[in-house]
Amino acid sequence: MTIEIIRLPTNSPPPPGLPRVAPRLAPEDAHSGAEAFAQSFVRDEPRQLFSSVHPVAEAQARMRHQSPLRYPGAKTGFASVVAELIDTARTSKSIPPVELFVEPFAGGSSTALRLLGNGTVRRALLADADPLVSAFWQVAASDPANLIARMKEEHKSFITPGGSAALERWDYWRGWTVPVGMKAHTARFETAMRCLFLNRTTFSGILHGGAGPIGGRAQKSEYGIGCRFMPDALETRIAYVGELYSKGRIADVWCGDWRATLDQIASTYKTIRPESVLVYLDPPYLEKSSKLYNVSFEDEADASWKGQGPHLRLAAYLMSRIPYRWILSYDVDPELTDSCLLYGRSRMTPNDDARRLGAKSFVVSKKLTTLRYTAASNGARSGSEELLITTLPKSVVDRISRLRPNEGSVEALQT
Ligand SMILES: C[S@@+](CC[C@H](N)C(=O)[O-])C[C@H]1O[C@@H](n2cnc3c(N)ncnc32)[C@H](O)[C@@H]1O
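Residue numbers (our numbering): 42 to 456.
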């Protein structure tokens with residue numbers, strides 16, 4: 042994938058004729074690590090789970106693309122691997138139906154949306170540390186009609202005329218910050234629109250400030266700034282998110298660090314049994330994620346393991362503290378499955394706190410799978426190797442033919 046990077050001055054003034062905003066840091070610039078953010082939910086407090094959940098409209102559940110966001114790193118095709126794992130797990134006595142599927146690195150949420158639509162899981166909790174992304178999901182879930190109306194207005198006023206009108210609007214949203222005194226509700230709505238506009242008009246959907254508009258500043262390419270901004274398709278997808286939330290299928294959308302999300306599940310949903318929760322984690326890439334996401338593991342100052350201490354912290358948590366079964370996807374790196382500081386051990390061993398919350402010692406399976414993705418530069422299909430690590434029962438994991446042994450790892454050499 043070639044990434045087109047255009048460096049813009051971070052605090053450049055908006056172009057003439059566009060609203061001026063107070064000189065405050067944009068949300069993505071306002072922190073150096075995810076912990077700096079206050080947690081937020083769709084409402085003031087986390088919403089409790091609906092006791093019964095309802096199916097969603099068949100046509101929407103079957104849409105080829107369900108997420109309104111184009112997301113760098115979104116694993117097209119991975120949802121079907123996860124669905125097969127969960128469906129197969131249902132045949133195991135130790136795995137009850139998934140009452141709550143948790144995506145703490147939600148991004149474009151493509152896996153959760155797919156699994157909700159086809160009924161593989163009953164409810165999903167979406168969470169992401171990027172306030173831009175979580176504001177989008179919070180508004181799409183709770184206020185879809187107004188977001189759709191606003192999205193159409195933006196399209197009509199700026200994308201349809203194209204050229205300089207579209208580019209000026211792109212600059213406006215790129216430079217936009219929450220004005221001093223704006224009500225929190227309005228600020229979140231505007232942030233959601235900012236996320237959607239930039240996501241649909243920026244190269245590869247990259248929300249990070251270094252990426253430029255589709256088609257470049259010259260707009261000479263046959264693929265111009267508006268080529269991914271399709272109002273009718275977006276309307277259907279946003280409405281689908283709203284329907285999932287109104288029916289309790291999207292339980293809530295949290296903004297926060299993965300650790301805060303996982304720590305807060307048990308105290309928020311007191312009646313849910315840990316065996317009924319499944320966590321799917323798709324953390325930022327090992328390398329270059331700081332060029333793709335506003336919040337990435339590379340931001341953190343900790344310089345252990347390839348400068349990526351946050352990956353070590355996640356591994357320590359998943360291998361000893363989490364009371365739920367989990368599925369983790371990563372880009373392939375031999376050290377991930379060989380180092381005992383990462384996922385080199387063959388069992389997850391819960392500590393006392395995790396045991397008190399119901400955690401058991403699980404076998405850790407490590408597999409490879411090949412995903413197809415569309416290369417951004419020429420639209421050609423190519424394959425990518427993906428590492429899947431999970432505490433779902435080995436008997437279940439070994440039955441999935443699309444998952445191959447992770448050859449070359451210490452584990453594979455021992456078997
Ligand atoms: C690989 S992307 C997830 C892509 C997603 N699976 C999809 O299908 O679109 C990683 C996401 O993790 C988020 N993130 C980065 N650091 C985080 C943290 N400490 N806690 C929670 N989310 C974080 C980023 O904002 C980004 O959206």
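Glycine residues also receive a C-beta, built at the ideal position from the N, C-alpha and C atoms.
Distance CB(residue i)-CB(residue j) smaller than 9 Å
i           : j           : result
residue 371 : residue 427 : yes
residue 486 : residue 401 : Summary: the structure shown does not reach residue 486, with the chain confined to residues 42 through 456, and so no result is reported for it.
residue 181 : residue 282 : yes
residue 122 : residue 444 : yes
residue 214 : residue 192 : no
residue 296 : residue 153 : no
residue 302 : residue 90  : no
residue 211 : residue 243 : yes
residue 266 : residue 208 : yes
residue 117 : residue 412 : yes
residue 294 : residue 120 : no
residue 165 : residue 290 : yes
residue 316 : residue 137 : yes
residue 335 : residue 248 : yes
residue 172 : residue 81  : yes
residue 88  : residue 149 : no
residue 394 : residue 362 : yes
residue 97  : residue 261 : no
For residue j and residue i, the rounded distance between their alpha carbons
i           : j           : result
residue 377 : residue 129 : 26 Å
residue 105 : residue 320 : 24 Å
residue 86  : residue 386 : 38 Å
residue 256 : residue 196 : 17 Å
residue 50  : residue 142 : Unreliable positioning characterises residue 50 in this predicted model, as indicated by a pLDDT of 31, which lies under 50. A coordinate reading is not provided.
residue 133 : residue 437 : 7 Å
residue 367 : residue 206 : 46 Å
residue 162 : residue 331 : 32 Å
residue 381 : residue 228 : 44 Å
residue 93  : residue 252 : 43 Å
residue 405 : residue 259 : 51 Å
residue 418 : residue 245 : Because residue 418 sits at a pLDDT of 39, beneath the cut-off of 50, its placement in the model cannot be relied upon, and the following sentence gives the value as read from the coordinates. So the alpha carbons of these two residues sit roughly 9 Å apart.
residue 186 : residue 284 : 11 Å
residue 84  : residue 231 : 17 Å
residue 131 : residue 124 : 11 Å
residue 222 : residue 236 : 21 Å
residue 310 : residue 304 : 11 Å
residue 16  : residue 440 : Outside the modelled stretch of the chain, which goes from 42 to 456, sits residue 16, for which no answer is possible.
residue 151 : residue 306 : 21 Å
residue 272 : residue 379 : 47 Å
residue 396 : residue 369 : 21 Å
residue 190 : residue 183 : 14 Å
residue 114 : residue 224 : 33 Å
residue 279 : residue 95  : 18 Å
residue 403 : residue 442 : 22 Å
residue 226 : residue 373 : 41 Å
residue 241 : residue 102 : 22 Å
residue 357 : residue 425 : 27 Å
Residue of the options minimising C-alpha distance to residue i
i           : options            : result
residue 194 : 293, 270, 399, 278 : 270
residue 188 : 298, 157, 275      : 275
residue 308 : 398, 156, 316      : 398
residue 375 : 369, 383, 368      : 383
residue 352 : 362, 365, 337      : 337
residue 391 : 365, 412, 411      : 365
residue 410 : 305, 101, 126      : 126
residue 156 : 108, 113, 305      : 108
residue 300 : 144, 88, 432       : 144
residue 139 : 159, 149, 151, 150 : 159
residue 135 : 314, 292, 100      : 314
residue 100 : 224, 254, 439, 277 : 277
residue 264 : 272, 114, 254      : 254
residue 388 : 425, 239, 396, 432 : 432
residue 350 : 369, 325, 373      : 325
residue 268 : 238, 102, 103      : 238
Per DSSP, cross-strand counterpart(s) of residue i
i           : result
residue 408 : 429, 446
residue 370 : 429
residue 143 : 166, 320
residue 295 : 168
residue 388 : 404
residue 375 : Answer is none; residue 375 lacks a bridge partner.
residue 243 : 254
residue 81  : 296
Query raised in the report: Are the segment 172 to 185 and the segment 194 to 203 touching, with three or more C-beta to C-beta distances below 8 Å?
Result: no
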